[in-house]
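The structure under discussion appears below in the form of structure tokens.
Protein chains: 2
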Amino acid sequence: MTTEKQNAKEHELHDRRARLLGPAYRLFYDRPLHLVRGEGVWLYDCEGRAYLDVYNNVPHVGHCHPHVVEALARQAATLNTHTRYLHETVLDLAERLTAMLPRELDTCMFACTGSEANELAVRIARSYTGGEGFIVTEHAYHGNTNTVVTLSPVHEYVARDASVQLVPAPDGYRGRYRFGTPDLGRQYASHVDEALNALDQHGVKPAALIVDTIFSSDGIYTETADYLRLAVDKVRSAGGVFIADEVQPGFGRTGERMWGFERHGVVPDIVTMGKPMGNGHPLSAVVTTRAIIEKFAERARYFNTFGGNPVSCAAGLAVLEVMESEKLQDNARNVGAHLKQKLELQLSKHEIIGDVRGQGLYIGLELVSDRKTREPASREASAVVNGLRDRGVLTGTTGRDGNVLKLRPPLVFSTENADQLIDALDATLCDVLS
Amino acid sequence: MTTEKQNAKEHELHDRRARLLGPAYRLFYDRPLHLVRGEGVWLYDCEGRAYLDVYNNVPHVGHCHPHVVEALARQAATLNTHTRYLHETVLDLAERLTAMLPRELDTCMFACTGSEANELAVRIARSYTGGEGFIVTEHAYHGNTNTVVTLSPVHEYVARDASVQLVPAPDGYRGRYRFGTPDLGRQYASHVDEALNALDQHGVKPAALIVDTIFSSDGIYTETADYLRLAVDKVRSAGGVFIADEVQPGFGRTGERMWGFERHGVVPDIVTMGKPMGNGHPLSAVVTTRAIIEKFAERARYFNTFGGNPVSCAAGLAVLEVMESEKLQDNARNVGAHLKQKLELQLSKHEIIGDVRGQGLYIGLELVSDRKTREPASREASAVVNGLRDRGVLTGTTGRDGNVLKLRPPLVFSTENADQLIDALDATLCDVLS
């Protein structure tokens, strides 16, 4: 229950926030959450109420995991410098990361955020190919800095010139070509030909196709046939490279595989990673091949003051250690399969659920007002997210129409947590649709 | 003394590093340092040898300051989320920062690095002015991402188009107009007129003049008459704004004032800050006026996953607390004055010292092979930096010719430390010049 004291506190915080941070920031939920503590998959507000976190992928191994906190605190008390001095930790982390990737992806560079990793990937791709053209999916998100924001059509207000070409994400449920269409992957990949032609007509040489390999902000697509392999072939034939943005699907989230690109049978030229990497500590990386980085380094240098510092790298190593000791990739596979199966059972109960998709602990639940027309139930999706919040379960939405529930919990999510989510969802759907 | 074991270890690290991080990274010193521990102004290598840190401004309140480490560890063990939930810490930090700035600079946004802060400042300036033109000094550094790297002519390999115009930094010692020239500030500011004309000729509307208010990578200039005030007036008359990049001079480093721009008698439209803000933890900010951010927010939104998270903000608050409790701005003023005086005494002893300049604990020592011609002694400056390293004192160089010794220690640097530096410098200069 909400107390008067809690309400007053929240109003005060809300006003201070509007005054100090200004109007460019947004809060989640109709009634924003004031959180004070986190542990595992649970977040707590100032009255001690618990919320099951089914949204946050950043606390990958669980909120405030003691092993990560200890590694962070120990290194912060010992030494924090930068990559212009020799230090083992950055090398240990680079060694672990490159060992988790295909052999040719052997060189690792560090930054602090996904935006910075993608900015560096863009610099490297431009330098290696001599091109300036980029191809992205129609509702992609790749970051908030000037260049990558133009590669993020999810922000409709951003102006783009002809050097950025959009292609439809391979949405077999409600997209241009649907499941059952022969050669679905080939159909979607044909738009990459169009994009390459458009670049050519504008006299722009292609630099890269950059894809979030689980198409998170497009709407979460995992059944994409051979789309990505075909698309990458086309881009490479035209002289461009393939940048796999693994900020969302990477680090075992999809269960079966460590990286999203592995599900598509392609080896990227450049891989970027971020969010879950430091369990909340700002840490990101770019991994690429020796040939590509040598070309880049013929003229350019890279230094990032905080990127690859010993404290950040200690946090990154601790995350990998927990993933291994707690078998979290296996957990993502097993709990993800359990959750997906339970969600599919909800299909028969709730007409509003149009599609259940995803892999491991990255699941999308598309809500539609009509299963035949597949009209997006955007308003209802928002009501469900707010209803779940009131029942103590945190989720969000994604996709162009905001009608896809995004289920993306920390990887320590258990089958019991999955069942708690299902019960709350079932009750909330009944409420919303009553 | 260097042991054989130490040598072997350093070689092994060097090889691993080249293999794992690739050729775009650089190390400091002819014989790179392998550091394992830091405390206050001291860094230690794996054999326990101590190095006096006269270079690193990031550990602003001293390496591994226990108050900052404790704040970081405590918050990391409690909660780490993002700005889409309500949290006090980000507001407390924003309140502290805006209270330290002129009243009109009342809105604060958070990112992780100086590059990200400058990228956001550029987005805001573009949106507020409708312009695309930027004016920067000839050897400036403002970051490593695609847009701000074009505003960083210190990287000579970066291509720029006509939307970026360069102006000379106000170097009264060896620049176009020298001390004694009447109207020195006006002379340098006239180049801003030229830059504005060049933008106009290319049909580019100006967005901003962006200046590191201590001209760090240009060569550290503190005696700049009324240059900046005049330059800012010109840019504003043409419809542009002034972005003060305080990543280097901010947070009391210059002693007399909290911010570099205050020394110039101007109030910026946008202030960016970074490096020292989290004492090594990745944390940066943009502070601007309500009118400017309201214009930006008419269309744009800003979200940075790690920017403004409770752990980063706890570190930022702890830094401000230590600055206050240990009176570090006063220390910067007092020790800086002592150091500068001692360095000026060295002028009479070492002919190679052409100029001593700077403010507080940001001092430049320009080395010249001839005091009359002011020919830069770049080779000797490199020898001095490496000689000081061998004597256990860490410094670096700056300026177009790499002949300016950059003395920029943590703010806990004491007069005793200053004397240790002077002794080592005196001996090293004798060695190098013998």
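So the sequence lines, in the order shown, correspond to chains A and B.
Under this note's numbering, the first residue of the first sequence carries the number 18, and numbering increases by one thereafter.
Under this note's numbering, the first residue of the second sequence carries the number 18, and numbering increases by one thereafter.
Ideal Cβ positions, reconstructed from N, Cα and C, are used throughout, including at glycine.
Quiz item: Can you give the Cα-Cα distance for residue 215 of chain A and residue 262 of chain B, rounded to whole angstroms?
Solution: Numbered from its first residue, the first sequence carries residue 215 of chain A at position 198. Numbered from its first residue, the second sequence carries residue 262 of chain B at position 245. Going from the Cα of residue 215 of chain A to the Cα of residue 262 of chain B covers about 39 Å.
Practice problem: With a threshold of 16 other CB atoms inside 10 Å of the CB of residue 218 of chain A, please say whether the residue is buried or exposed. | Solution: For this step, residue 218 of chain A is matched to residue 201 along the first sequence. Per the 10 Å Cβ criterion, exposed.
Exercise. Note down, in chain order, all residues in the stretch 120 to 131 of chain B with a beta-carbon under 9 Å from any beta-carbon belonging to chain A.
Key: 123, 124, 125, 126, 127, 128, 129, 130, 131
Exercise. Give the residues of chain A in contact with residue 310 of chain B, contact being defined as C-beta atoms less than 8 Å apart.
Key: Taking the first residue of the second sequence as 1, we reach residue 310 of chain B at position 293. Here the neighbours are 39, 40, 41.
Quiz prompt | Near-chain B residues of the stretch 276 to 300 of chain A - C-beta to any C-beta below 9 Å | solution = 291, 292, 295, 296, 297, 298, 299, 300
Quiz item: Just the Cα atoms here: how many angstroms apart are residue 146 of chain B and residue 185 of chain A?
Solution: By 1-based counting over the second sequence, the position of residue 146 of chain B is 129. By 1-based counting over the first sequence, the position of residue 185 of chain A is 168. One C-alpha to the other measures close to 33 Å.
Practice problem: Select from A/278, A/342, A/337 the residue whose C-alpha is nearest the C-alpha of residue 122 of chain A. | Solution: Working through the first sequence from its first residue, we reach residue 122 of chain A at position 105. The option with the nearest alpha carbon to residue 122 of chain A is A/278.
Quiz item: Using DSSP with H/G/I as helix, E/B as strand and the rest coil, what is residue 45 of chain A?
Solution: To locate residue 45 of chain A, count along the first sequence from 1; it is residue 28. Coil, per DSSP.
Practice problem: Pick out whichever of A/237, A/289, A/437, A/274 has its Cα sitting closest to the Cα of residue 187 of chain A. | Solution: For the purposes of this step, residue 187 of chain A is taken as the residue at position 170 of the first sequence. Answer by Cα proximity: A/237.
Quiz item: Is the CB of residue 69 of chain B under 7 Å away from at least one CB in chain A?
Solution: The residue labelled residue 69 of chain B in the question sits at position 52 within the second sequence. Residue 69 of chain B does not count as touching chain A.
Quiz item: Nearest-angstrom Cα distance between residue 331 of chain A and residue 433 of chain A?
Solution: The residue given as residue 331 of chain A occupies position 314 in the first sequence. The residue given as residue 433 of chain A occupies position 416 in the first sequence. Cα to Cα, the separation comes out at about 31 Å.
Quiz item: At least one CB of chain B closer than 7 Å to the CB of residue 241 of chain A: is that the case?
Solution: Sequence index remark: in the first sequence, residue 241 of chain A carries index 224 (1-based). So no, residue 241 of chain A is outside the interface.
Quiz item: Using a C-beta to C-beta distance shorter than 8 Å, which residues of chain B count as neighbours of residue 112 of chain A?
Solution: In the first sequence, counting from the first residue as 1, residue 112 of chain A sits at position 95. Those are 33, 37, listed as they occur along chain B.
Quiz prompt | residue 379 of chain A at chain B interface by Cβ criterion, 7 Å | solution = In the first sequence, the residue the question calls residue 379 of chain A occupies position 362. Cβ-Cβ to chain B under 7 Å: no for residue 379 of chain A.
Quiz prompt | residue 75 of chain A and residue 292 of chain A closer than 7 Å at C-beta | solution = Position 58 of the first sequence, counted from the start, is the residue given in the question as residue 75 of chain A. Position 275 of the first sequence, counted from the start, is the residue given in the question as residue 292 of chain A. Yes, the Cβ-Cβ distance between residue 75 of chain A and residue 292 of chain A is below 7 Å.
Quiz item: In this structure, does DSSP put residue 174 of chain B in helix, strand or coil?
Solution: Your numbering for residue 174 of chain B matches position 157 in the second sequence. Note: residue 174 of chain B maps to coil in three-state DSSP.
Quiz item: Do three or more CB pairs link the stretch 94 to 103 of chain A to the stretch 252 to 261 of chain A at distances below 8 Å?
Solution: no
Quiz prompt | Alpha-carbon spacing of residue 175 of chain A relative to residue 446 of chain A, whole angstroms | solution = As a position in the first sequence, residue 175 of chain A is number 158, starting the count at 1. As a position in the first sequence, residue 446 of chain A is number 429, starting the count at 1. Roughly 35 Å between the two C-alpha positions.
Quiz item: What's the call for residue 202 of chain B, buried or exposed, on a 16-neighbour Cβ count within 10 Å?
Solution: Your numbering for residue 202 of chain B matches position 185 in the second sequence. Buried, because 16 or more other Cβ atoms sit within 10 Å of the Cβ of residue 202 of chain B.
Exercise. Answer yes or no: does any C-beta atom of chain A fall closer than 7 Å to that of residue 238 of chain B?
Key: Within the second sequence, the letter at position 221 stands for residue 238 of chain B. Answer no: the Cβ-Cβ gap between residue 238 of chain B and chain A never drops below 7 Å.
Self-check item: chain A contact residues for residue 199 of chain B, given Cβ-Cβ distances below 7 Å
Solution: As a position in the second sequence, residue 199 of chain B is number 182, starting the count at 1. Within chain A, no residue comes near residue 199 of chain B; the closest Cβ sits about 40 Å away, beyond 7 Å.
Quiz item: Buried or exposed: where does residue 106 of chain B fall if 16 or more other Cβ atoms within 10 Å of its Cβ makes it buried?
Solution: As a first step, residue 106 of chain B must be located in the second sequence, where it is residue number 89. Under this definition residue 106 of chain B is a buried residue.
Quiz prompt | Selected residue, minimal CA-CA separation from residue 9 of chain A, among A/100, A/167, A/204, A/49 | solution = The structure shown does not extend to residue 9 of chain A, since chain A is modelled only from 18 to 451, so the question has no answer here.
Self-check item: Collapsed DSSP secondary structure at residue 333 of chain B in the structure displayed
Solution: Your numbering for residue 333 of chain B matches position 316 in the second sequence. Helix.
Quiz item: For residue 242 of chain A, which three-state DSSP category applies?
Solution: Locating residue 242 of chain A in the first sequence gives position 225, counting from the first residue. In this structure, residue 242 of chain A counts as coil in the three-state DSSP scheme.
Self-check item: For residue 77 of chain B and residue 68 of chain B, the rounded distance between their alpha carbons
Solution: Residue mapping note: residue 68 of chain B aligns to position 51 of the second sequence, counting from 1. Residue mapping note: residue 77 of chain B aligns to position 60 of the second sequence, counting from 1. Between residue 68 of chain B and residue 77 of chain B, the C-alpha separation is close to 17 Å.
Exercise. Note down, in chain order, all residues in the stretch 255 to 266 of chain A with a beta-carbon under 8 Å from any beta-carbon belonging to chain B.
Key: none
Quiz item: Can you name the residues of chain B whose CB is closer than 9 Å to the CB of residue 49 of chain A?
Solution: Against the first sequence, residue 49 of chain A aligns to sequence position 32. Near residue 49 of chain A (Cβ distances below 9 Å), the residues of chain B are 101, 102, 103.
Quiz prompt | Identity of the residue in B/311, B/288, B/389, B/307 nearest residue 301 of chain B by Cα | solution = Stepping through the second sequence from its first residue, residue 301 of chain B is reached at position 284. Ranking B/311, B/288, B/389, B/307 by Cα distance to residue 301 of chain B puts B/288 first.
Quiz item: Within the 7 Å Cβ cut-off, does residue 319 of chain A reach chain D?
Solution: Any reference to chain D falls outside this structure, whose protein chains are A and B.
Quiz item: Which term fits residue 383 of chain A, buried or exposed, when burial requires 16 or more other beta carbons within 10 angstroms of its beta carbon?
Solution: Along the first sequence, read from residue 1 onward, the residue named residue 383 of chain A stands at position 366. With 16 or more other Cβ atoms within 10 Å, it is buried.
Practice problem: Using a Cβ-Cβ cut-off of 7 Å, state whether residue 153 of chain B counts as contacting chain A. | Solution: Translated into the one-based positions of the second sequence, residue 153 of chain B becomes position 136. No, no contact with chain A.
Quiz prompt | Under 8 Å from the C-beta of residue 89 of chain B: neighbouring residues of chain A | solution = Here residue 89 of chain B corresponds to residue number 72 of the second sequence, with the count starting at 1. Under the 8 Å cutoff, chain A gives 89, 90, 93.
Quiz item: Between residue 446 of chain B and the ligand ATP, is the CB less than 6 Å from at least one heavy atom?
Solution: With respect to the ligand ATP, the structure offers nothing, as it holds no ligand at all.
Self-check item: Beta-carbon proximity check, residue 90 of chain B vs residue 90 of chain A, cutoff 7 Å
Solution: Residue numbering aside, residue 90 of chain B sits at position 73 when the second sequence is read from its first letter. Residue numbering aside, residue 90 of chain A sits at position 73 when the first sequence is read from its first letter. Cβ atoms of residue 90 of chain B and residue 90 of chain A: closer than 7 Å.
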